[in-house]
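Colleague: Counted the way the working numbering counts, the sequence shown spans residues 21 to 205. Note that CB positions come from ideal geometry on N, CA and C, so glycine has one too.
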Amino acid sequence: MNSLLRDLAGAVGEPHLLTDPAVLAGYTTDWTRRYHGTARCVVRPGSAAEVAEVVRCCARHAAALVPQGGNTGLVGGSVPAAGSYRGGPDGHGGQDGRDGGAVVLSATRLTALGPVDTLAAQVTAGAGVTIGQLRAHAARAGFEYGVRPRSAARSRPTPAACTGSGTAPPGHSCSAWRQCWRTAA
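Spelled out as structure tokens, the structure:
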């Protein structure tokens, strides 16, 4: 294991550092199967502190970092580019001399859901929360999360808002992703 992988394993725990090529394939191909890239590894941090440490590790090793939610986008934005590892001191693939691709930061473990603020009609959701989970959480408080992509079981709210995917209720834009709407009584 090279020094980047050792540092990343120290940041997120070895079970959350994925390096098996068969497993990486699911993170380097988008949902449509049109976009393909390469990844040195996938890290699955479980907290904001672990995300910060992953970012520091990648900066220290000059490794490209690609954040990924559910990998359900239709434009390839969460897929690392082929050969996207920028290299280390020698400029040719880092300290171990290999061009292994980017580090993919998977948000799947960042699943904290705060309470629904009924006065502000909003909720704080972790980057790994699926739209399906968010909709169920909002519904328990009498609200509806308005974005409805077909892939709600895997899609994450933040990328959906950033790319304008999903379907907003009539009269609402997808950019209002932070808001929940009170359900009709």
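Spell out the partners DSSP gives L133 in its beta bridges.
Modeller: Partner(s): A145.
Colleague: Within a Cβ cutoff of 7 Å, which residues of the same chain sit near L44, ignoring the five residues on either side of it in sequence?
Modeller: So the list reads L38, A59 and V62, once near-sequence residues are dropped.
Colleague: Which residues bound the beta strand (DSSP E) around V86?
Modeller: V86 -> beta strand (DSSP E) spans L85 to Q88.
Colleague: Quick test of your reading: V86 and P100, contact by CB under 8 Å. State the CB separation rounded to the nearest angstrom.
Modeller: Rounded, the Cβ-Cβ distance is 4 Å, consistent with contact.
Colleague: Do you know how far the Cα of A159 is from the Cα of A122?
Modeller: Using only the alpha carbons, I get a separation of about 38 Å.
Colleague: Would you give the residue range spanned by the alpha helix (DSSP H) that R80 belongs to?
Modeller: Run containing R80: A68 to R80, per the alpha helix (DSSP H) assignment.
Colleague: Once DSSP output is grouped into helix, strand and coil, what is the label at R60?
Modeller: Here R60 sits in strand by DSSP.
Colleague: Specify the secondary structure class of L44 as computed by DSSP and reduced to three states.
Modeller: Helix at L44.
Colleague: When you compare only the Cα positions, how much space is there between A141 and A161?
Modeller: When rounded, the distance between both Cα atoms is 10 Å.
Colleague: Within a Cβ cutoff of 8 Å, which residues of the same chain sit near P41, ignoring the five residues on either side of it in sequence?
Modeller: Same-chain partners within the cutoff: there are none.
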